[in-house]
Amino acid sequence: MNKLEGQSASEIVIFGALGDLSRRKLLPALYQLEVCGLINEKSRIVGVARQQHSLEEFKTIVLKNLNDFVKETIDEVILARFTARLVYQQLDMKQASAYKKLSATLAKGNSTRVYYFSTPPAIYGDICDGLNHAKLISDNDRVVMEKPIGHSLESSKVINDQVARFFKENQTYRIDHYLGKETVLNLLVLRFANSLFTNNWDRNSIDHVQITVAECVGIEGRWGFYDEAGQMRDMIQNHLLQILSLLAMEPPADLSAECIRAEKLKAVKALCPIDRSNVKEKTVRGQYADGYLNGVEVPGYLNEEGANKGSKTETFVAIKAEIDNWRWSGVPFYLRTGKRMPKKHSEIVVHFKEQPHNIFKDSYSDLPANKLTIRLQPDEGVELQMMNKIPGIASQMNIQENKLDLSFNDTYQDQRVIDAYERLMLEVLNGNQSLFVSRDEVEAAWAWADSIIDAWQATNEKPKSYAAGSWGPVSSISLIARDDRQWVE
Ligand code: BG6
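Just so you know, we're using our numbering here: the sequence shown kicks off at 404 and counts up by one.
Set out below in structure tokens:
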């Protein structure tokens with residue numbers, strides 16, 4: 404089915420329309436949907452922000468953002484169609500009485516209202532109150548929430564409760580942008596459309612799994628936000644646990660939001676708790692110190708602008724996660740993520756079990772096990788490491804390690820790489836929740852993360868230092884080496 408069929412006309416209301424996320428991601432994503440002809444012709448985009456601007460000024464700002472953040476050349480005809488949808492509303496989003504103004508701006512009639520909260524979560528409740536005050540919420544409307552949803556289980560419940568007073572769960576779309584990434588979605592296809600993997604995806608065939616999400620950026624001027632969060636709350640609680648749950652979940656009965664989210668939830672709930680009793684053995688936290696990236700000197704975390712010199716916030720985390728169920732008992736999932744690592748590089752490596760017996764001893768004494776690498780970004784692709792005979796007459800069985808490499812760039816050369824927000828935005832417009840995170844999932848992920856954070860606080864230890872531009876503290880190597888394994892570099 405064409406993704407536009409069945410899409411009703413919408414009023415897409417972006418709260419925080421002049422903020423960083425909206426400028427870099429949301430408006431460019433909507434423009435790209437326009438290019439693809441995937442927005443209902445009657446839909447409008449209403450930018451809401453504190454600043455006073457005329458519509459013409461708003462359009463000029465939007466155009467500048469598109470020029471800055473859309474890689475392709477902006478098409479004049481499409482741009483005209485896109486800007487014709489734009490509306491701007493200045494609003495003090497904390498003032499319930501001010502929302503009457505918004506009411507006057509929004510179209511009357513049958514449009515579905517999509518409220519995108521691209522503001523700090525602290526004001527989600529205020530926005531809901533304002534919308535309710537101006538009678539701007541109906542059962543037809545949708546609300547989209549950005550992470551972070553809270554900084555703990557308790558605070559996430561407060562935010563979710565505030566929103567749930569007015570929006571039901573089936574109207575609520577919680578974004579984890581990793582779920583919109585092509586390669587993350589491809590995990591479902593790899594696992595459930597290939598019997599080779601479907602039938603070998605458990606403790607009988609898999610030895611362990613590594614998930615690495617490395618970034619070379621530091622905290623990008625976000626000291627205040629980041630120092631409160633740290634890498635555990637910023638990346639593990641959401642993005643890495645989402646990847647883990649897609650890898651570990653049982654086959655869903657179908658692709659519906661209900662089935663996929665129920666299975667992901669079970670996987671997160673089956674994670675073995677990490678607490679004060681085992682935190683030292685199962686986790687490593689690090690903080691980058693001064694170092695070099697691509698030959699350029701970069702400051703350590705405590706020397707970033709605005710830094711609190713005594714901060715114990717982690718910028719790197721490695722965890723040995725275990726899942727307590729029939730499928731995964733005894734199969735560790737090693738998670739690793741950090742800022743200021745040598746390169747931006749995210750991948751999943753599934754290590755299959757070794758052969759029980761080696762009949763090729765004469766040419767290869769230590770047969771390596773098969774490895775499936777899923778490159779999430781950049782250079783998206785899938786690679787299967789296998790053993791192969793070296794052709795030739797001289798020796799009968801000369802074998803070597805080789806790989807089957809499916810590089811998306813080479814295979815799908817004509818395809819533009821779609822940004823996660825384009826897909827997620829389209830799914831919201833089409834009313835499909837399967838790529839969004841349910842409240843239960845958010846809470847289960849917080850419950851697991853909170854216990855680790857509590858244990859770290861109880862030890863009161865500083866994170867281990869690592870030089871910017873390195874792969875993290877040495878103890879992250881020991882974390883996996885203790886199990887006689889090593890990180891794939
Ligand atoms: C965000 C985090 O959710 O994800 C950032 O807040 C991080 O700290 C970013 O840099 C990474 O996203 P991506 O798509 O660049 O891997």
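Glycine included, each C-beta is placed from N, C-alpha and C at the ideal position.
Three-state secondary structure (DSSP) of Asp-471: Numbered from its first residue, the sequence shown carries residue 471 at position 68. Reduced to three states, the DSSP call for Asp-471 is helix.
Nonlocal neighbours in the same chain, by C-beta distance under 6 Å from Gly-703, ignoring five residues either side: Taking the first residue of the sequence shown as position 1, residue 703 is located at position 300. Closer than 6 Å at the Cβ level, and outside the excluded window around Gly-703, lie Tyr-691, Ala-692 and Asp-693.
Asp-822: CB within 6 Å of a non-hydrogen atom of ligand 1: Working through the sequence shown from its first residue, we reach residue 822 at position 419. For ligand 1, not one heavy atom lies less than 6 Å from the Cβ of Asp-822.
Beta-bridge partners of His-611, as assigned by DSSP: For this step, residue 611 is matched to residue 208 along the sequence shown. Its beta-bridge partners are His-754.
The stretch 565-576 / the stretch 523-536 touching (three or more Cβ pairs under 8 Å): yes
Under 7 Å between C-beta atoms of Leu-590 and Leu-649: Translated into the one-based positions of the sequence shown, residue 590 becomes position 187. Translated into the one-based positions of the sequence shown, residue 649 becomes position 246. The answer is yes: Cβ separation under 7 Å.
Distance between beta carbons of Gly-553 and Trp-849, contact taken as under 8 Å: Mapped onto the sequence shown, residue 849 falls at position 446. Mapped onto the sequence shown, residue 553 falls at position 150. Right, their Cβ atoms sit about 7 Å apart.
Local conformation of Leu-779 per DSSP, three classes: Counted from its first residue, the sequence shown places residue 779 at position 376. Leu-779 falls in the strand class under three-state DSSP.
Ligand 1 heavy atom lying under 6 Å from the CB of Asp-813: For the purposes of this step, residue 813 is taken as the residue at position 410 of the sequence shown. The answer is no for Asp-813.
Test item: CB-CB of Glu-717 and Pro-866 under 7 Å: Residue mapping note: residue 717 aligns to position 314 of the sequence shown, counting from 1. Residue mapping note: residue 866 aligns to position 463 of the sequence shown, counting from 1. Yes. Within cutoff.
Whole-number beta carbon distance between Ile-802 and Tyr-767, since they are thought to touch under 8 Å: Taking the sequence shown and counting its residues from 1, one reaches residue 767 at position 364. Taking the sequence shown and counting its residues from 1, one reaches residue 802 at position 399. Yes, Tyr-767 and Ile-802 are in contact; Cβ-Cβ is about 5 Å, under 8 Å.
Beta-carbon contacts of Val-547 that lie in its chain and below 6 Å, excluding the five residues immediately before and after: Taking the first residue of the sequence shown as position 1, residue 547 is located at position 144. The residues are Tyr-519, Tyr-576 and Val-831.
Distance CB(Leu-696)-CB(Gly-872) smaller than 7 Å: One-based indexing of the sequence shown puts residue 696 at position 293. One-based indexing of the sequence shown puts residue 872 at position 469. In this structure, Gly-872 lies closer than 7 Å to Leu-696 by Cβ.
Which of helix, strand or coil DSSP assigns to Tyr-894: Lying outside 404 to 892, the shown extent of the chain, residue 894 is not represented and no answer is given.
Coarse secondary structure for Glu-804, derived from DSSP in three states: Within the sequence shown, numbered from 1, the residue matching residue 804 stands at position 401. The answer is strand: DSSP assigns Glu-804 an E or B state.
Assumed close pair Val-612, Val-753 - CB separation to whole angstroms, cut-off 8 Å: Counting from one through the sequence shown, the residue named residue 612 turns up at place 209. Counting from one through the sequence shown, the residue named residue 753 turns up at place 350. Going by Cβ atoms, the distance from Val-612 to Val-753 rounds to 5 Å, so yes, they are a contact pair.
Beta-carbon separation (whole angstroms), Phe-382 vs Thr-522, contact threshold 8 Å: Limits of the chain in this structure are 404 at one end and 892 at the other, which puts residue 382 out of reach.
Nearest to Val-822 (by Cα), restricted to the options Lys-584, Ser-500 and Glu-572: For the purposes of this step, residue 822 is taken as residue 419 along the sequence shown, with counting starting at 1. Checking the displayed sequence, the identity of residue 822 turns out to be Asp instead of Val. The shortest Cα separation from Asp-822 among Lys-584, Ser-500 and Glu-572 belongs to Lys-584.
Ordered list of alpha helix (DSSP H) runs contained in the stretch 664-699, each at least 4 residues: 682-685
Distance cut-off 6 Å: Tyr-886 Cβ against heavy atoms of ligand 1: In the sequence shown, the residue the question calls residue 886 occupies position 483. Residue 886 is actually Asp in this sequence, not Tyr. It does not: the Cβ of Asp-886 is nowhere closer than 6 Å to a heavy atom of ligand 1.
Asp-637 beta carbon near ligand 1 (any heavy atom closer than 6 Å): Taking the sequence shown and counting its residues from 1, one reaches residue 637 at position 234. Yes; taking the cut-off as 6 Å, the Cβ of Asp-637 has a heavy atom of ligand 1 nearer than that.
7 Å Cβ shell around Tyr-491 - same chain, five flanking residues per side excluded: Residue numbering aside, residue 491 sits at position 88 when the sequence shown is read from its first letter. Excluding sequence neighbours, Tyr-491 sits near Gly-450, His-456, Leu-458 and Phe-461.
Residue ranges of each alpha helix (DSSP H) within the stretch 517-552, 4 or longer: 527-536
For Glu-708 and Thr-486, the rounded distance between their alpha carbons: The sequence position of residue 486 within the sequence shown is 83, counting from 1. The sequence position of residue 708 within the sequence shown is 305, counting from 1. Distance between the alpha carbons of Thr-486 and Glu-708 is about 38 Å.
Option in Ile-722, Ala-797, Asn-468 and Arg-484 with minimal Cα separation from Leu-436: Here residue 436 refers to the residue found at position 33 when the sequence shown is read from its first residue. Nearest option by C-alpha distance: Arg-484.
Backbone CA spacing between Gln-498 and Leu-534 [nearest angstrom]: One-based indexing of the sequence shown puts residue 498 at position 95. One-based indexing of the sequence shown puts residue 534 at position 131. Cα-Cα distance, rounded: 10 Å.
Presumed contact (8 Å Cβ cut-off) between Leu-827 and His-642, rounded CB distance: Along the sequence shown, one-based indexing puts residue 827 at 424. Along the sequence shown, one-based indexing puts residue 642 at 239. That pair is no contact at about 14 Å.
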